[in-house]
Amino acid sequence: MDLQIAAALVPLLGWAVHGSILTHRLVSARRDPLTGLHTRAGWTARAEHCIRRHPDAAVLLLDLDHFKTLNDTHGHAAGDAALVATADRLRTWCGRHGTAGRLGGDEFVAVVQDLTAADLDALIAALHRPLHYAGRSLPLAASVGVCRLAELPMPLLTDALAAADAAMYAAKGRSRRGSRLSR
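According to full-length UniProt numbering, the sequence shown is numbered sequentially starting from 1.
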């Protein structure tokens with residue numbers, strides 16, 4: 001009888017292991033392997049939930065300035081270090097009141113429950129701190145675009161991302177003339 005029980009348990013054990021592997025792959029697919037931030041799919045699900053629950057939520061889109069130059073001058077390892085540092089700074093700023101993600105390349109996104117409670121100037125300062133890499137201090141800078149959902153006719157994530165993107169590119173244009181932020 002023990003042999004029959006063991007024979008019945010073997011397939012169940014196999015399915016349990018298979019389920020565990022699939023779960024791990026799904027979780028991994030929603031995390032960027034370099035930065036540990038949510039990917040677009042993982043971030044979008046969390047952002048949608050946040051904006052439904054928090055009418056004062058805001059969406060931020062940020063792009064590293066001169067990232068190609070950093071990569072070309074100091075190498076891809078330095079570029080990766082810049083991406084990881086940016087992700088860490090953004091994740092720390094979001095804290096428990098928001099969610100950060102990496103959309104790809106040097107483009108990041110965040111949603112925060114209440115922008116008035118968040119210190120946006122602290123984020124800007126953190127994103128502009130130099131990166132210490134291989135005994136050198138490398139300059140980092142980012143252009144940030146912000147969209148407060150309360151300012152939209154309908155609080156939709158797609159519209160907020162489009163508005164934050166437009167604000168980011170406006171900030172990027174002004175950063176070449178000395179300004180760093182569009183709100």
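Backbone N, C-alpha and C define an ideal beta-carbon position, used for all residues, glycine too.
> For D63, does the three-state DSSP call read helix, strand or coil?
Replying inline: Taking the first residue of the sequence shown as 1, we reach residue 63 at position 63. Assignment of D63 by DSSP, reduced to helix, strand and coil, places it in the strand class.
>> By the DSSP assignment, the beta strand (DSSP E) with T99 in it spans what residues?
In response: Here residue 99 is taken as the residue at index 99 of the sequence shown, counted from 1. That run of the beta strand (DSSP E) goes 98 to 104.
> CA-CA distance, L61 and D121?
Replying inline: Looking up residue 61 in the sequence shown gives position 61. Looking up residue 121 in the sequence shown gives position 121. Roughly 15 Å between the two C-alpha positions.
> What does a CB cutoff of less than 8 Å around M168 pick up in its chain, not counting 5 residues either side in sequence?
Replying inline: Looking up residue 168 in the sequence shown gives position 168. Around M168: L61, L62, D63, S143, V144, G145, S182.
>> Measuring CB atoms only, is the region 152 to 160 touching the region 122 to 132, in the sense that at least three cross pairs come out at less than 8 Å?
In response: The region 152 to 160 is not in contact with the region 122 to 132.
> So the alpha helix (DSSP H) A125 belongs to, where does it begin and stop?
Replying inline: For the purposes of this step, residue 125 is taken as residue 125 along the sequence shown, with counting starting at 1. Counting along the chain, the alpha helix (DSSP H) containing A125 begins and ends at 120 to 127.
>> According to DSSP, is H49 part of a helix, a strand, or is it coil?
In response: For the purposes of this step, residue 49 is taken as the residue at position 49 of the sequence shown. The answer is helix: DSSP assigns H49 an H, G or I state.
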